[in-house]
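So the structure is just underneath, and the comments pick up after that.
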Amino acid sequence: MNIFAKLVNFLKEVRFELKKVTWPTRQETIRFTLLVIGVSAGVAAFLGGLDYLFSIILTKFVL
């Protein structure tokens, strides 16, 4: 089998497999996207707060 035939076969199999996928609705996609953004912002705020706290502690007690 040459490379072109393998590529065509691969793309046919990909198309067949994608038909089996259960895609999320638009509303689910928006909800999960907002959830990821919210959790990311929360983790960033938490880590930023820890960084600020440790920098204050280090400047007061070490330097």
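Per the working numbering: the sequence shown = residues 75 to 137. Here a beta-carbon is modelled for each residue, glycine too, at the ideal position from N, C-alpha and C. Here the structure is a predicted model, which means the values were calculated and not measured.
From which residue to which residue does the alpha helix (DSSP H) around residue i run?
i      : result
Thr103 : Arg100 to Phe135
Val88  : Ile77 to Leu92
Go through its chain and collect everything with a Cβ distance to residue i's Cβ below 8 Å, but skip five positions before and after it.
i      : result
Thr103 : none
Tell me which residues share the same chain as residue i and place their Cβ nearer than 6 Å to its Cβ, disregarding the 5 neighbours each side in the sequence.
i      : result
Ser129 : none
Gly123 : none
Once you ignore the five residues that flank residue i on each side, which residues in its own chain have a CB closer than 7 Å to its CB?
i      : result
Ser114 : none
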